[in-house]
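Peer 1:
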Amino acid sequence: IREAIPSNVVFIVVAEPVSLALLEAPGKFGADIVVGEGQSLGVTPNLGGPGIGFFTTLEKHVRKMPGRIIGQTKDLEGKKGYVMILQTREQHIRREKATSNICSNQAYIALINAIYLSTMGPQGLKEVAWRSYNNAHYLAKKLEENGLPRLFDGEFFNEFVVKVPESYRTKWHEMVKEGILGPIPIDRVYKELGPSALVCSTEVNTKTSIEKLVEVMSK
Numbered sequence: 001i002r003e004a005i006p007s008n009v010v011f012i013v014v015a016e017p018v019s020l021a022l023l024e025a026p027g028k029f030g031a032d033i034v035v036g037e038g039q040s041l042g043v044t045p046n047l048g049g050p051g052i053g054f055f056t057t058l059e060k061h062v063r064k065m066p067g068r069i070i071g072q073t074k075d076l077e078g079k080k081g082y083v084m085i086l087q088t089r090e091q092h093i094r095r096e097k098a099t100s101n102i103c104s105n106q107a108y109i110a111l112i113n114a115i116y117l118s119t120m121g122p123q124g125l126k127e128v129a130w131r132s133y134n135n136a137h138y139l140a141k142k143l144e145e146n147g148l149p150r151l152f153d154g155e156f157f158n159e160f161v162v163k164v165p166e167s168y169r170t171k172w173h174e175m176v177k178e179g180i181l182g183p184i185p186i187d188r189v190y191k192e193l194g195p196s197a198l199v200c201s202t203e204v205n206t207k208t209s210i211e212k213l214v215e216v217m218s219k
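So, in structure tokens, the structure goes:
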């Protein structure tokens, strides 16, 4: 892919981190920058609370990165350690001109990510990814069988868009009242798509809950 892009163009990938347990790392096919949302790495959903994104880049871009940069080093006894580097960018030095500003809320979420990743390990994360993938594809198949086809026929990991009836927005509010957070109507934002909804299924969904959603949506 990198070879097909002009050398003066920055190649940026937006990735779902769990999917990378199955897919080739973006850096392997020439990405300059990779960003994404870290909520799926052990962080519970919330309404307006702190979230976390991840941002990684080639070393040549590192001085332009936002956020706090931590480097690996060794102490006097040869033990591995981590220290803050590029401190000239920090708010305690550059004040209002700083390019880095992080608060304890985001550090807390980053800690959750670190605990989740270290607990799951490579194999555990791969199992989570496969379960998310299989659940989403099973859900897509069942929805299509019940008259709710996908809007796009390309490959997907655990999110996809389906065509829905004009009345779906009313049904969505009814599902919420029943304790079901159904696929989110997106045609208010993307009017060109027509009546449509964004569907997601992850490793926490069961076959029973998936079939219940299909039953409610196809009524």
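Just so we're aligned, residue 1 is where the sequence shown starts under UniProt numbering, counting upward by one. Beta carbons: idealized from backbone N, C-alpha and C, even for Gly.
(1) So for methionine 84, helix, strand or coil by DSSP?
(2) Excluding five sequence neighbours on each side, which residues of the same chain lie with their C-beta closer than 7 Å to the C-beta of serine 19?
(3) Use the C-beta contact count for phenylalanine 55: other C-beta atoms within 10 angstroms, 16 or more gives buried, fewer gives exposed.
(4) Could you check if valine 162 is buried or exposed, using at least 16 other CB atoms within 10 Å of its CB as the buried criterion?
(5) Relative to the C-alpha of valine 34, which residue among Gly194, Pro17, Glu203, Asp75 is closest?
(6) Could you pull the DSSP bridge partners for isoleucine 33 from this structure?
(7) Roughly how many angstroms lie between the CA atoms of methionine 175 and threonine 208, to the nearest whole one?
(8) With a cut-off of 8 Å on the beta carbons, I'd call leucine 117 and leucine 41 a contact; round off their distance for me.
(9) Pull up the CB-CB distance for lysine 142 and glutamate 211, whole angstroms please, since I reckon it's below 8 Å.
(10) Count the other CB atoms within 10 Å of the CB of glycine 49; is the residue buried (16 or more) or exposed (fewer)?
(11) Taking only the alpha-carbon atoms, compute the straight-line gap between glutamine 72 and glycine 78 and give it to the nearest angstrom.
(12) Lysine 80 to glycine 51, Cα distance in whole Å?
(13) Pull up the DSSP beta-bridge partners for threonine 73, would you.
(14) State buried or exposed for leucine 213, treating a residue as buried only when at least 16 other CB atoms are found within 10 Å of its CB.
(15) Give the DSSP-derived three-state secondary structure of histidine 5 in the structure shown.
(16) Buried or exposed: which applies to tyrosine 133, given that a residue is buried once 16 or more other Cβ atoms fall within 10 Å of its Cβ?
(17) Please classify leucine 148 as buried or exposed, where buried requires at least 16 other C-beta atoms within 10 Å of its C-beta.
(18) Take valine 10 as the anchor and find which of Leu58, Leu23, Ile85 has the nearest alpha-carbon.
(19) Between which two residues does the alpha helix (DSSP H) carrying lysine 207 extend?
Peer 2: Quick look at the numbers:
(1) To locate residue 84, count along the sequence shown from 1; it is residue 84. Strand at methionine 84.
(2) Along the sequence shown, one-based indexing puts residue 19 at 19. Ala129, Phe157.
(3) Here residue 55 refers to the residue found at position 55 of the sequence shown. The residue is exposed, with fewer than 16 neighbouring Cβ atoms inside 10 Å.
(4) Indexing the sequence shown from 1 puts residue 162 at position 162. Looking at its Cβ environment, which holds 16 or more other Cβ atoms inside 10 Å, valine 162 is buried.
(5) The residue you call residue 34 lines up with position 34 of the sequence shown. Comparing alpha carbon positions, the residue from Gly194, Pro17, Glu203, Asp75 closest to valine 34 is Pro17.
(6) For the purposes of this step, residue 33 is taken as the residue at position 33 of the sequence shown. Bridge partners of isoleucine 33: Ile12, Thr57.
(7) Translated into positions along the sequence shown, residue 175 becomes position 175. Translated into positions along the sequence shown, residue 208 becomes position 208. About 16 Å.
(8) As a working mapping, residue 117 is identified with position 117 in the sequence shown. As a working mapping, residue 41 is identified with position 41 in the sequence shown. That pair is a contact at about 6 Å.
(9) Numbered from its first residue, the sequence shown carries residue 142 at position 142. Numbered from its first residue, the sequence shown carries residue 211 at position 211. Right, their Cβ atoms sit about 7 Å apart.
(10) In the sequence shown, the residue the question calls residue 49 occupies position 49. Counting Cβ neighbours within 10 Å, glycine 49 comes out exposed, since fewer than 16 surround it.
(11) Taking the sequence shown and counting its residues from 1, the one referred to as residue 72 is at position 72. Taking the sequence shown and counting its residues from 1, the one referred to as residue 78 is at position 78. Straight-line Cα distance between these residues: approximately 12 Å.
(12) As a working mapping, residue 80 is identified with position 80 in the sequence shown. As a working mapping, residue 51 is identified with position 51 in the sequence shown. Approximately 29 Å between the Cα atoms of the pair.
(13) If you number the sequence shown from 1, residue 73 lands on position 73. Paired residues: Gly81.
(14) Sequence index remark: in the sequence shown, residue 213 carries index 213 (1-based). Classification for leucine 213: buried.
(15) Within the sequence shown, residue 5 is the residue found at index 5, counting from 1. Per the sequence shown, the amino acid found at residue 5 is isoleucine instead of histidine. Correct three-state label for isoleucine 5: coil.
(16) Within the sequence shown, residue 133 is the residue found at index 133, counting from 1. Under this definition tyrosine 133 is a buried residue.
(17) For this step, residue 148 is matched to residue 148 along the sequence shown. With 16 or more neighbouring CB atoms inside 10 Å of its own CB, leucine 148 falls in the buried class.
(18) The residue you call residue 10 lines up with position 10 of the sequence shown. Its Cα nearest to that of valine 10, the residue Leu58 stands out among Leu58, Leu23, Ile85.
(19) The count along the sequence shown starts at 1 and reaches residue 207 at position 207. Lysine 207: member of the alpha helix (DSSP H) spanning 207-217, first to last residue.
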